[in-house]
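A quick write-up on the structure given underneath.
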């Protein structure tokens, strides 16, 4: 009986089966990633079935990794996320406070000028040494120069003196001089320009002269506070008008009510935190403040003036604190000294030799943009004249300083004490009349 031949599987067939299985496994793996665990289990069963039928070599195996859900953010676990620095709070600007001091008119006629002449040099320094720190302690110290300093070539007289007086004023603490007086143009435009040059050369500021560019406002930055200073005169002397035909150049601001109010408002628009007005107004040698002057002070206060410091009467007048409602609907305070009297003169009447230095503090808050005016107080000053070695010697002293008074004769010490009483009466009179 013939033996039945065993059917053999050729190598080609095995290769094709193996290749097919690999393709199937690859497809299963791909779809398992898409559809999950169910297909994965079916694929396993298929492989086991093929192995049992001898169509797949179970010894040739590889593991199909079980799919695991990996969150999209897992890659961040190995990379530390930087912590942002804490936010720095925006600094709040603090309020700024400055102090202002203002003295009266400086008048140096022939008698005063000759008393300080040594050979060919004028030394005014001792004249003001008795003021001590009265002006030096202020952030801004002001006086009114009722004379020009146009030089010897213009001829020294009652209203043109040696420029060395500016050195003495600067040493005593003065920072700014008002030139808006009736005598500003007694030596013509050239004399005024020479005076301005002398001031500039010494680092002294000035007001009451048309500024470069046509403005009438001296704007200053003091201790973080923007300060505007405006100065005006009631008019010009006969000499000034004749020299200039009525100030055709408009170099010296004069007291036009509408213009003054507009200048004050414009100073505010231009960024002034504090507005100071220096009017040369009133009537000479009259201690009582005229009604029209008081009325103008009230209008300036309402327009935006914070401090008003007057000169020209050559005698001290009272002070006042005005409360007004301005254009923004808010209430503001304005302090006024109607006349500071004299800081230097050759006159000997008691009311002319008594002057005052007004002191006031001002606080500006940049957060609220509000200006607060402190209380005004006045230091009485006395202009002494005494004989030393047969010559007159003038000394301006703090009339309440015992140290300064010791340099005077007993007669002048008594006159200084009377000046203190005169100043106190002048300021109290306004308060009693309801103006203070």
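Residue numbers (this note's numbering): 195 to 630.
Virtual Cβ for every residue (Gly too), placed ideally from N, Cα, C.
Taking 8 angstroms as the cut-off, the beta carbon of residue 577 is found no closer than this to the beta carbon of residue 587. Excluding the 5 residues flanking it on each side, residue 456 has no same chain C-beta neighbour closer than 6 angstroms. Contact annotation: the segment 551-561 touches the segment 281-298, with at least three C-beta pairs closer than 8 angstroms.
DSSP places residue 321 in the uninterrupted alpha helix (DSSP H) bounded by 319-322. Between the segment 353-370 and the segment 509-529 there are fewer than three inter-stretch CB-CB distances shorter than 8 angstroms, so the stretches are not counted as touching. DSSP places residue 480 in the coil class of the three-state scheme, outside both helix and strand. The straight-line gap separating the alpha-carbon atoms of residue 518 and residue 498 is approximately 9 angstroms. The alpha helix (DSSP H) runs of length 4 or more contained entirely in the segment 434-503 are, from start to end of the chain, 451-463 and 485-497.
With at least 16 other beta carbons inside 10 angstroms of its own, residue 412 counts as buried.
One alpha carbon belongs to residue 421, the other to residue 395, and they sit about 22 angstroms apart.
Residue 479 counts as exposed, since fewer than 16 other C-beta atoms from the protein chains shown sit within 10 angstroms of its C-beta. Bounds of any alpha helix (DSSP H) do not take in residue 293; it lies within the beta strand (DSSP E) bounded by 290-300.
The beta-bridge partner set that DSSP reports for residue 553 consists of 295 and 571. Between residue 402 and residue 438, the C-beta gap is not smaller than 8 angstroms, which leaves the two residues out of contact.
DSSP, reduced to helix, strand and coil, places residue 620 within a helical segment of the structure shown. The shortest C-alpha to C-alpha distance from residue 570 to any of 490, 481, 503 and 474 is the one to 503. Residue 514: member of the beta strand (DSSP E) spanning 513-519, first to last residue. When the beta-carbon positions are compared, residue 409 and residue 601 stay at least 8 angstroms from each other.
When the Cα atoms are used, residue 606 and residue 593 turn out to be separated by approximately 10 angstroms.
Each of 281, 466, 476 and 595 was checked against the Cα of residue 556, and the nearest Cα belongs to 466. Three or more Cβ pairs closer than 8 angstroms define a contact, and the segment 357-371 meets that threshold against the segment 315-334.
Residue 432 and residue 378 have their alpha carbons spaced roughly 11 angstroms apart.
With the rule of 3 Cβ pairs closer than 8 angstroms, the segment 379-393 counts as touching the segment 342-351. Contact between residue 487 and residue 526 does not hold, since their C-beta atoms are separated by about 20 angstroms, which reaches or exceeds 8 angstroms. Annotated three-state conformation of residue 588 is strand, per DSSP. For residue 319, same chain residues with a beta-carbon under 8 angstroms away, outside a window of 5 residues either side, are 361, 362 and 365 in chain order. The continuous stretches of alpha helix (DSSP H) do not include residue 422, which lies in the beta strand (DSSP E) extending over residues 419-427. DSSP places residue 534 outside any alpha helix (DSSP H), giving it a letter other than H or E.
Each residue's CA atom was taken as its position, placing residue 383 and residue 304 some 23 angstroms apart. The shortest C-alpha to C-alpha distance from residue 561 to any of 210, 277, 281 and 290 is the one to 290. When 276, 370, 509 and 494 are compared, the shortest CA-CA separation from residue 528 is found for 494.
Contact between residue 510 and residue 616 holds: CB atoms are separated by about 7 angstroms, below the 8 angstroms threshold. The beta carbon of residue 398 sits closer than 8 angstroms to those of 360, 363, 364, 368, 369, 370 and 371, all from its chain and outside the five residues before and after it, given in chain order.
Within the same chain, and ignoring the five residues on either side of residue 513 in sequence, the residues whose Cβ sits closer than 8 angstroms to its Cβ are 529, 530, 531, 532, 552, 570, 572, 621, 624 and 630. Its chain contains 360, 371 and 400 as the residues whose beta carbon lies nearer than 7 angstroms to that of residue 393, once the 5 sequence neighbours on both sides are disregarded; these appear in chain order. DSSP places residue 338 in no alpha helix (DSSP H) but in the uninterrupted beta strand (DSSP E) bounded by 334-339.
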